[in-house]
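To get this note's numbering, take the position in the sequence shown, counting from 1, and add 88.
From the three backbone atoms N, C-alpha and C, an ideal C-beta is built for every residue, glycine too.
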Amino acid sequence: MSPSSGTSGTSSDTNWEPRDPTLPAPHPDDGPPDDRPRSRPRRVLRTLLGLLLLGALLLAGAFVAGYLLVEIPPANAAAVAQSNVYLYRDGTPLARDGEVNRENVPLGQVPLPVRRAVLAAEERDFQTSRAVDPKAMVRAAWNTVTGKGRQSGSTITQQYVKNYYLGQEQTLTRKAKEFFIALKLGREKSKEEILQGYLNTSYFGRNAYGIQAAARAYYGKDVDRLDTAEGAYLASLLKAPSAYDVTTHPENRAKALARWRYVLDGMVTEGWLSPAARAAARFPAPQTAHAATNLSGQRGYLVQAVEQYLTDHGIVDEKTLAGGGFRITTTLEPAKQEALVDAVDERVVSRLDPATAPTDRYVRVGAAAVDPANGKVLAMYGGVDYTQQYVNNATRRDYQVGSTFKPFVFTAAVQNGAQTQQGRPITPYTVYDGTNRRPVEGWNGDPYDPANEDEASYGDINVGAATGLSVNTVYAQMAVDVGPAHVRRTAIALGLPGSTPDLTASPSIALGSATASVLDMASAYATLAAHGRNGTYSLVEEISRNGQALDLPGVPRRQAVSREAADTTTSILRSVVETGTGTAAQAAGRPAAGKTGTAEDDKAAWFAGYTPELATVVAVMGQDPESGAQESLYGALGQPRVNGGGVPAEIWGRFTREALDGVPVRDFELRLMPGAEAPPVPPAPDGPEGSPESSPEGSPEGSYEAGETGEAGPGAAHPSVRPSGAPGAPAAPAASGVPGTPGVSDRSSP
């Protein structure tokens with residue numbers, strides 16, 4: 089073949105072009121280049137459709153398998169009640185929580201309005217709805233997997249299955265079983281049978297299982313005698329049984345009332361209650377709870393606090409805990425618990441004489457002690473006797489904390505590097521105007537001009553002295569200088585719950601209008617004692633059920649505020665104990681820091697204090713034992729007035745001395761902010777040392793001209809607190825009940 093014949097075939101193809109050697113060779117399956125972009129989406133779509141079909145088949149198979157395999161089980165073991173055993177930290181017995189209160193009744197015995205109230209609260213379309221709500225199940229499962237918290241959304245049938253056949257644990261396995269059992273029950277039982285089972289197995293608080301037990305526990309009557317308003321309240325309890333009990337948690341009354349109104353309004357919406365009957369309804373206050381006799385004395389308060397801790401922290405839900413069978417070792421120490429009870433008995437209980445002093449009927453005491461090193465609650469006093477005074481005075485959140493809040497304002501000032509309106513840094517020696525009813529400056533809200541105790545005016549006074557004298561005008565202005573929002577955040581960082589009632593970002597926050605509990609305040613003061621390190625307080629060391637230990641949440645220690653902020657606050661609180669309104673606390677016999685406080689109208693008196701080893705808060709409260717109303721303590725315990733520097737500080741001193749008996753005395757190791765050390769005493773230019781002429785401008789001894797710095801008064805690292813402890817400060821007006829400090833009163837007027 090000639091060379092020319094070897095190319096004759098290709099030369100006739102006019103469209104042929106040489107392939108670019110830098111490009112990959114085409115795949116045989118690719119087809120023409122113009123077809124490839126359109127074929128790829130088709131393949132992806134076919135793949136997705138195949139996966140969806142496969143997923144649907146798998147789900148259908150799982151559904152069929154689940155329905156066939158999951159049988160309706162017998163009643164769960166929790167239906168037979170067990171007791172919970174509570175132990176002290178050392179393993180010695182503390183208490184045994186009693187028997188479960190149950191009494192089943194037929195549905196016909198439950199009045200129709202009461203049944204409808206339950207439906208209005210839990211599932212208004214129960215009679216026509218299916219046994220399960222798939223959307224709610226998926227939502228609850230997703231929240232469980234993603235850690236977004238618990239969200240029910242279950243139907244009444246599902247709740248009945250959980251109550252009677254399964255348990256309260258929040259797991260996907262339990263949710264799946266609940267789903268299939270509810271489906272079968274919906275086919276095998278009537279709506280009336282399911283509703284009857286639900287009403288007889290639901291937990292209503294006060295250890296009451298079922299609507300009949302609840303009627304007896306809350307209203308002292310059988311269920312067939314309940315009226316619509318009472319039924320609506322019991323129905324509202326199903327959402328949060330103990331939290332909505334207005335006699336044991338008066339601070340939650342507004343939420344309980346809102347839930348009660350929601351139930352009644354729902355009945356009107358469904359046509360089950362006339363608008364006229366709804367308008368005439370009045371909230372039916374339940375009777376006072378009666379505690380089991382085996383929880384007498386302090387035992388009931390301690391058990392109540394531990395149960396609240398377990399449920400609030402999601403360790404065990406309330407219904408499961410009420411089912412019993414738990415062995416719970418607390419952080420409480422028996423010796424310290426006994427010392428706290430003895431201190432209250434000596435300083436308060438033994439001195440009460442209601443026959444000659446009617447106000448003594450109102451006296452209530454709450455106290456809590458926390459270890460600053462780890463946040464463990466070591467002792468707690470809830471009241472004279474759980475079977476007589478059911479509300480725990482150590483955990484309730486409905487009394488103003490008064491001036492015990494003021495240290496948080498100063499801590500916030502140091503933490504945030506705050507300055508006065510004139511641009512001066514806030515230190516223990518910064519001077520403020522303590523004139524009575526001085527309007528705060530720099531506040532954009534409503535005008536605010538708080539009164540000092542007894543309308544006293546102090547003129548120019550440094551922060552250390554103003555702390556000991558609880559000068560309201562100084563601290564209201566300081567709160568504005570720092571920023572009320574910063575003050576609020578600092579209080580929460582120290583240990584107060586963000587949900588604390590009346591913890592509002594306004595100038596009044598400085599005067600203690602918030603209603604934190606005694607335990608909340610003890611946790612916050614423990615943070616100050618721990619140089620600003622904080623972790624959630626703990627009441628439980630170990631918990632197990634049937635020999636199986638349950639996980640407890642970790643309590644990581646974090647630096648809530650800087651050490652300088654906490655320690656500088658400690659420095660000015662030491663002077664409150666040494667020379668201020670809290671001198672009665674010196675009975676502890678060791679270095680201590682603290683703050684006194686009195687609520688509005690003398691309805692509560694507080695002492696909050698700490699040593700390096702122990703933080704304790706004591707409050708004496710006034711409450712009418714019959715109406716539950718807060719009352720003033722004027723004339724109680726044989727005193728014209730009860731304030732924080734009196735009985736509360738005396739209890740604190742005695743308890744701290746006994747609780748730390750045998751523990752080596754240790755002083756505070758403080759790291760102070762710049763400017764917190766005592767300013768140097770200026771040299772005396774004329775006259776004998778110590779004479780009035782030795783101070784510039786003829787100022788009184790113990791002070792010097794502040795100039796532009798705003799600092800005044802020589803002294804120790806923790807400024808001495810005296811009625812004349814600052815330039816121009818007059819002697820404080822006379823007030824009784826403050827040992828060792830004539831003429832000094834700590835009462836604030838939020």
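- Within the same chain, and ignoring the five residues on either side of LEU383 in sequence, the residues whose Cβ sits closer than 8 Å to its Cβ are ALA183, ASP185, GLY186, VAL391, TYR474, THR475.
- Around the beta carbon of HIS619, 16 or more other beta carbons sit within 10 angstroms, so the residue counts as buried.
- The Cβ neighbour count for VAL489, taken over all protein chains shown within 10 Å, is at least 16; the residue is labelled buried.
- The DSSP-derived three-state label of PHE498 is helix.
- ARG633: not part of any alpha helix (DSSP H); member of the beta strand (DSSP E) spanning 628–633, first to last residue.
- Residue nearest to ARG439 within the set GLU280, GLN425, ARG128, GLY723 is GLY723 (criterion: CA-CA distance).
- Cβ-Cβ distances below 7 Å link PRO181 to LEU175 in the same chain, with the five nearest sequence neighbours on each side left out; the list follows chain order.
- In the three-state DSSP reduction, MET355 falls in the helix class (H, G or I).
- Between the C-alpha atoms of GLY402 and TYR625 there is a straight-line separation of about 15 Å.
- The segment 620–677 is shown to contain whole alpha helix (DSSP H) runs of 4 or more residues at 651–666, in chain order.
- Taken in chain order, the complete alpha helix (DSSP H) segments of 4 residues or longer contained in the segment 370–430 are 387–400, 406–411.
- Looking at THR216, GLU339, SER171, ASP569, the one whose alpha-carbon comes closest to that of SER596 is ASP569.
- Pairing TYR389 with ALA455, the inter-Cα distance amounts to about 11 Å.
- Burial state of GLU280 is exposed, judged by a 10 Å Cβ sphere holding fewer than 16 other Cβ atoms.
- Across the set LEU557, PRO736, PRO516, TYR563, the C-alpha of PRO516 shows the shortest separation from the C-alpha of ASP655.
- Looking at the DSSP output, LYS464 sits in a beta bridge with SER626.
- Counting of Cβ neighbours within 10 angstroms places SER491 among the buried residues, the total reaching 16 or more.
- When DSSP states are grouped into helix, strand and coil, ILE514 belongs to the coil group.
- Bridge pairing for ILE549: TYR520 [DSSP].
- Taking the Cα positions, VAL394 is about 27 Å away from ALA687.
- Membership of PRO181 in the beta strand (DSSP E) is indicated by the continuous run 181–185.
- Taken through DSSP and simplified to helix, strand or coil, GLY716 comes out as coil.
- Boundaries of the alpha helix (DSSP H) harbouring LYS250: 244–252, taken from the DSSP string.
- 8 Å or more divides the Cβ of LEU599 from the Cβ of ASN550.
- Contact between SER605 and ARG484 holds, since their C-beta atoms are separated by about 6 Å, short of 8 Å.
- Contact between LEU314 and SER290 does not hold, since their C-beta atoms are separated by about 15 Å, which reaches or exceeds 8 Å.
- Taking each of ALA717, VAL706, GLN711, GLN503 in turn and checking the Cα distance to ASN731, the smallest one comes out for VAL706.
- Per DSSP, the beta-bridge partners of ASN172 are ASP185.
- Between VAL497 and ALA703, the gap from beta carbon to beta carbon reaches 8 Å or more.
- Counting along the chain, no beta strand (DSSP E) covers VAL206; the unbroken alpha helix (DSSP H) around it starts and ends at 200–210.
- Sorting ALA737, ALA209, ARG304, VAL664 by C-alpha distance to the C-alpha of PRO495 places VAL664 at the top.
- Where GLY293 is concerned, there is no enclosing beta strand (DSSP E), because DSSP gives it neither an H nor an E.
- Counting along the chain, MET709 sits inside the beta strand (DSSP E) bounded by residues 703–710.
- Beyond the five residues adjoining it in sequence on each side, VAL173 comes within less than 6 Å, by CB distance, of ARG184, ARG415 in the same chain, given in chain order.
- Here DSSP, grouped into helix, strand and coil, assigns GLN507 to strand.
- A distance below 7 Å between beta-carbons, with the five flanking residues on each side excluded, links ALA737 to the following residues of its chain, in chain order: GLY670, ALA672, ALA673, THR684, PHE695.
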